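Each residue of the sequence shown is one higher than the one before, counting from 754 in this note's numbering. Beta carbons: idealized from backbone N, C-alpha and C, even for Gly. Just so we're clear, the structure is a prediction, and the values are computed from it rather than from any experiment.
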Amino acid sequence: MEYKKNIYTVEDCVAKITMNYPDNLNAIDMAMAEELLDILDKCENDSNVKVVILESGGKAFSAGGDIGYFYKNIKAGGDINMDDLIERAGYVSLNIKKMSKIVITSVIGAAAGAGANLALSGDFVVCADNVKFIQAFINLGLVPDTGGSYLLSKSIGIAKAFELCATGKPLGAVEAMELGIVNKVCSKDELEETTMALARQISKGPLIAYKNLKKQFFEANYTDYERYLKDGEVPTQRECISSEDFKEGVCAFIEKRKADFKGE
């Protein structure tokens, strides 16, 4: 596969996946999701890869969905069906959890919507102090996808996870670390070296133990993740996308005004 939205490199047993579509703030569209799935598969099957870094090539990690695309379709009177995209984006997160190699997400700037949940899928999350994690779905009349409700409930508990998803409140780097969903916080100038230092440490460690540690944690925490994505996430998001509230949320966002939701 030719990669148009990501850069993939391997050096000194460290694989780097760099999301590199700054024109769209690394939005998780179908092309981005398919490329990430293909690269993760390469990482899993390359014996030279001992640890994986997922990062961004811009000032933001990922803005999540392509709201401009939604807006154009709504204004053109077209239907929006995102079942395939929601499924594929969810599988990016699931594959990170299932793969045998440790994945470090290196996060800078905004990580919103699907981008936030992709960042939080890492086994280790390293972020710059300017990071804002935003479960922005609710502001568009949507529910979290890419595993957001599932991952947050597992990591920080139901009450706080529900609050973040229901309010869309931005979560800063320090608070995210205090809640236990971020491992390290540093300045944005130090992010690359801090991430690489952790990757080098892992690459020199007991890889068989790491592989089996990931198996243990998957069995302990994520065995129903795939079922959740299929039966919990896709159908609920489908209903939200078909609502008038979704159309209003998208239009309000692009038109820079407060949404007038009707519950329809």
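(request) Under 6 Å Cβ to Cβ from Asn826, same chain only, skipping five residues before and after it: list those, please. (result) One-based indexing of the sequence shown puts residue 826 at position 73. If we look at Asn826 and ignore the five residues flanking it on each side, its Cβ neighbours are Ile833.
(request) Would you please state the rounded distance, in angstroms, between the beta carbons of Leu951 and Ile857? I believe it to be under 8 Å. (result) The residue you call residue 951 lines up with position 198 of the sequence shown. The residue you call residue 857 lines up with position 104 of the sequence shown. Taking C-beta atoms under 8 Å as the contact rule, Leu951 and Ile857 qualify, at a distance of about 6 Å.
(request) Give every residue of the same chain whose Cβ lies closer than 7 Å to the Cβ of Asp819, excluding the five residues on either side of it in the sequence, and list them in chain order. (result) In the sequence shown, the residue the question calls residue 819 occupies position 66. The answer, listed in chain order, is Asn777, Ala780, Asp782.
(request) Enumerate, from N- to C-terminal direction, the unbroken beta strand (DSSP E) stretches of 3 or more residues contained entirely within the stretch 799 to 874. (result) With a minimum length of 3 residues, the unbroken runs of beta strand (DSSP E) contained wholly in the stretch 799 to 874 fall at 804 to 809, 855 to 860, 863 to 865.
(request) Alpha carbon to alpha carbon, how far is Val896 from Ser853? Give it in angstroms, no decimals. (result) Position 100 of the sequence shown, counted from the start, is the residue given in the question as residue 853. Position 143 of the sequence shown, counted from the start, is the residue given in the question as residue 896. Going by the C-alpha atoms only, they are around 30 Å apart.
(message) If you follow the beta strand (DSSP E) that Lys769 is in, where does it begin and where does it stop?
(response) As a first step, residue 769 must be located in the sequence shown, where it is residue number 16. Start and end: 767 to 772.
(request) Mind checking who Leu924 pairs with in its DSSP beta bridge? (result) Taking the first residue of the sequence shown as 1, we reach residue 924 at position 171. Paired residue(s): Phe886.
(request) Report yes or no: is there a C-beta of chain C within less than 8 Å of the C-beta of Asp977? (result) Looking at the structure shown, chain C is missing, and only one protein chain is on hand.
(request) Taking Phe970 as part of the alpha helix (DSSP H), name the residues at either end of that continuous run. (result) Translated into the one-based positions of the sequence shown, residue 970 becomes position 217. Looking at the DSSP string, the run of the alpha helix (DSSP H) that includes Phe970 is 960 to 974.
(request) Would you check if the distance between the CB atom of Ile909 and the CB atom of Asp876 is smaller than 8 Å? (result) Reading the sequence shown from its first residue, position 156 is the one you call residue 909. Reading the sequence shown from its first residue, position 123 is the one you call residue 876. No, the pair does not count as a contact, with Cβ atoms beyond the cut-off.
(message) I'd like to confirm the pairing. Which residues does DSSP put opposite Ala881 in its beta bridges?
(response) In the sequence shown, residue 881 corresponds to position 128, counting from 1. Cys939.
(request) Could you check the C-alpha separation between Lys1011 and Pro988 for me, to the nearest Å? (result) Here residue 1011 refers to the residue found at position 258 of the sequence shown. Here residue 988 refers to the residue found at position 235 of the sequence shown. Cα to Cα, the separation comes out at about 27 Å.
(message) Given this structure, state the Cα-to-Cα distance separating Asp998 from Tyr774, to the nearest angstrom.
(response) The residue you call residue 998 lines up with position 245 of the sequence shown. The residue you call residue 774 lines up with position 21 of the sequence shown. The alpha-carbon atoms of Asp998 and Tyr774 are separated by roughly 29 Å.
(message) Quick check on DSSP: helix, strand or coil for Ile911?
(response) Looking up residue 911 in the sequence shown gives position 158. Three-state DSSP puts Ile911 in a helix.
(message) Which of the three DSSP states is assigned to Thr947 in this structure?
(response) Translated into positions along the sequence shown, residue 947 becomes position 194. For Thr947, the three-state secondary structure derived from DSSP is helix.
(message) Taking 8 Å as the threshold (C-beta atoms), are Ile806 and Ile770 in contact?
(response) Your numbering for residue 770 matches position 17 in the sequence shown. Your numbering for residue 806 matches position 53 in the sequence shown. Result yes, Cβ atoms of Ile770 and Ile806 sit closer than 8 Å.
(request) Have a look at Tyr963, Ser956, Tyr975 and flag the residue whose alpha-carbon is nearest the alpha-carbon of Val763. (result) Numbered from 1 along the sequence shown, position 10 holds the residue referred to as residue 763. Proximity to Val763 across Tyr963, Ser956, Tyr975 peaks at Ser956, based on C-alpha coordinates.
(request) Report the rounded CA-to-CA distance for Tyr756 versus Ala865, giving the unit in angstroms. (result) Translated into the one-based positions of the sequence shown, residue 756 becomes position 3. Translated into the one-based positions of the sequence shown, residue 865 becomes position 112. Computed Cα separation, rounded: 23 Å.
(request) Go ahead and label Val927 buried or exposed: buried means 16 or more other beta carbons lie within 10 angstroms of its beta carbon, across all protein chains shown. (result) Counting from 1 along the sequence shown, the entry for residue 927 is found at position 174. Val927 should be labelled exposed.
(message) What does the alpha-carbon distance come out to for the pair Ser788 and Glu840?
(response) Indexing the sequence shown from 1 puts residue 788 at position 35. Indexing the sequence shown from 1 puts residue 840 at position 87. Note that residue 788 corresponds to Glu in the displayed sequence, not to Ser. Looking at the two C-alpha atoms, the distance is approximately 14 Å.
(message) Asp882 and Cys796 - do their beta-carbons sit closer together than 8 Å?
(response) As a first step, residue 796 is located in the sequence shown; it is residue number 43 there, counting from the start. As a first step, residue 882 is located in the sequence shown; it is residue number 129 there, counting from the start. Not closer than 8 Å, so no.
(request) On the DSSP bridge assignment, give the partners of Ile1007 in chain order. (result) In the sequence shown, counting from the first residue as 1, residue 1007 sits at position 254. In the DSSP output, where bridge partners are listed per residue, Ile1007 has none listed.
(request) Tell whether a beta-carbon distance below 8 Å holds between Pro923 and Lys885. (result) Locating residue 923 in the sequence shown gives position 170, counting from the first residue. Locating residue 885 in the sequence shown gives position 132, counting from the first residue. Cβ atoms of Pro923 and Lys885: closer than 8 Å.
(message) Just verifying my parser: in three-state terms, what is the DSSP assignment at Tyr761?
(response) The sequence position of residue 761 within the sequence shown is 8, counting from 1. DSSP places Tyr761 in strand when its eight states are reduced to three.
(request) Go to Thr989, then tell me how far its alpha helix (DSSP H) extends in each direction, as first and last residue. (result) Here residue 989 corresponds to residue number 236 of the sequence shown, with the count starting at 1. Thr989 -> alpha helix (DSSP H) spans 987 to 994.
(request) Can you tell me which of Cys993, Glu931, Ile792 puts its alpha carbon nearest to the alpha carbon of Met835? (result) To locate residue 835, count along the sequence shown from 1; it is residue 82. Of the listed residues, the one whose Cα sits closest to Met835 is Cys993.
(request) Consult DSSP for Ala919 and reduce its assignment to one of helix, strand or coil. (result) As a first step, residue 919 must be located in the sequence shown, where it is residue number 166. Ala919 falls in the helix class under three-state DSSP.
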